[in-house]
Amino acid sequence: HWVAHWLSKSAADDYAYDVLVAQSTDGGKTWEAPVRPHTDGTPTEHGFVSIYPKGTSTALLWLDGRQTGDEASGDSAARGMTLRAAVIDSKGNRSLEQQVDGLVCDCCQTDVAVSSKGPIAVYRNRAVEEIRDIYVTRFADGEWQAGAPIADDGWYITGCPVNGPAIDADGDLVAIAWFSAANDRPVVRAVISTNGGRTFREPVEIATTRSSGHVGIAIVDRLSVVISWVESDKRGTNAINIRGLTVGGIAGPVETVGRSTLLRIYPQLARSNDKLILAWTDEVGEAVEVVSIEVPILGFYER
Numbered sequence: 380h381w382v383a384h385w386l387s388k389s390a391a392d393d394y395a396y397d398v399l400v401a402q403s404t405d406g407g408k409t410w411e412a413p414v415r416p417h418t419d420g421t422p423t424e425h426g427f428v429s430i431y432p433k434g435t436s437t438a439l440l441w442l443d444g445r446q447t448g449d450e451a452s453g454d455s456a457a458r459g460m461t462l463r464a465a466v467i468d469s470k471g472n473r474s475l476e477q478q479v480d481g482l483v484c485d486c487c488q489t490d491v492a493v494s495s496k497g498p499i500a501v502y503r504n505r506a507v508e509e510i511r512d513i514y515v516t517r518f519a520d521g522e523w524q525a526g527a528p529i530a531d532d533g534w535y536i537t538g539c540p541v542n543g544p545a546i547d548a549d550g551d552l553v554a555i556a557w558f559s560a561a562n563d564r565p566v567v568r569a570v571i572s573t574n575g576g577r578t579f580r581e582p583v584e585i586a587t588t589r590s591s592g593h594v595g596i597a598i599v600d601r602l603s604v605v606i607s608w609v610e611s612d613k614r615g616t617n618a619i620n621i622r623g624l625t626v627g628g629i630a631g632p633v634e635t636v637g638r639s640t641l642l643r644i645y646p647q648l649a650r651s652n653d654k655l656i657l658a659w660t661d662e663v664g665e666a667v668e669v670v671s672i673e674v675p676i677l678g679f680y681e682r
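For the sequence shown, position 106 (counting from the first letter as 1) is numbered 485 according to the working numbering, and the numbering increases by one without interruption.
Here you go:
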């Protein structure tokens, strides 16, 4: 069962676009007609999608701007971005449509994983006082539960930092990484749960000082995870770093595995069998291309 999603302009406005989702049940040979997970029909922003399987259907969470209205013109009905969810079956039928959170950060990527206790998602919340911390929500009893902060960072920022969290899960083991710059102190943190995401241990600081976030996380085995992030270096480039973390909260050495000259990059980290795969964008000649590397898991902590 393959799933693809992309954005499609819905009006001339810069931030007017919809999410389209297409599914294939024959390994990508043929695809069903794309459908929208949202039905509001407003010329507003929809995106930052996270997908997970739900039986033979596809479940999604996304940032939905249907309530934002025209804030620039002083529209009295304009409100903030929301987090919404839905399930689309193989025929394109929608179900379990839900508003998960009525006020979230405008453009920070969401993420989702499936643990032994079910789906669990992370996102950057937005309080009316403009505190934008990372929240976690679990799918239980047929719906997404109210989100709760994973840590009390207290990051006050009046605009979106475009810096979402990352999550991975394997059975009872759940790991989350995120970036914060509360009190003008940039830091990458991670937390681990060993009971399927019901409770989490104390956050561990993974990186500070020059960190700019854009994190990834992958579970290596039942005892450890790897976190990736971006860090500005003295060369004026962005370094892509990785660091291991044990379930017991012990962080390993920092390793720089790549660099990019682009101002902003969003590396993607995933595990594939006995290796980690990292991909990001970089300037290659006069073009911008996707660069990827493989990092063997075997002996990672002896590197």
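Backbone N, C-alpha and C define an ideal beta-carbon position, used for all residues, glycine too.
- Between Val567 and Ala586, the gap from beta carbon to beta carbon is short of 8 Å.
- For Ile510, there is no enclosing beta strand (DSSP E), as DSSP gives it neither H nor E.
- Taking the C-beta atoms as reference points, Ser429 is found no nearer than 8 Å to Asp468.
- Here Pro582 is buried. Its C-beta has 16 or more other C-beta atoms within 10 Å.
- Non-local C-beta neighbours of Ala465 in its own chain, meaning closer than 8 Å and more than five positions away in sequence, comprise Pro416, His417, Ala438, Leu439, Arg473, Ser474, Leu475, Glu476, Gln477, ordered along the chain.
- Closest in alpha carbon position to Ser403, among Gly434, Arg458, Ala383, Ile546, is Ala383.
- Sequence-distant Cβ neighbours of Thr640 in its own chain, meaning closer than 6 Å and more than five residues away, are Thr616, Glu662.
- Contact between Arg511 and Ile536 holds: CB atoms are separated by about 6 Å, below the 8 Å threshold.
- C-alpha of Gly664 to C-alpha of Leu602: approximately 41 Å in a straight line.
- Cβ-Cβ separation between Val493 and Ala545: approximately 15 Å, too far for a contact (criterion under 8 Å).
- The segment 543-567 is shown to contain whole beta strand (DSSP E) runs of 3 or more residues at 545-549, 552-559, in chain order.
- Around the beta-carbon of Asp600, fewer than 16 other beta-carbon atoms lie within 10 Å, marking it exposed.
- In this structure Val400 is buried. Its beta-carbon is surrounded by 16 or more other beta-carbon atoms within 10 angstroms.
- Taking the Cα of Ala525 as reference, the smallest distance to any Cα among Thr516, Asp531, Ile676, Tyr431 is reached at Thr516.
- Nearest Cα to Val507 within the set Gln647, Ala630, Gly538: Gly538.
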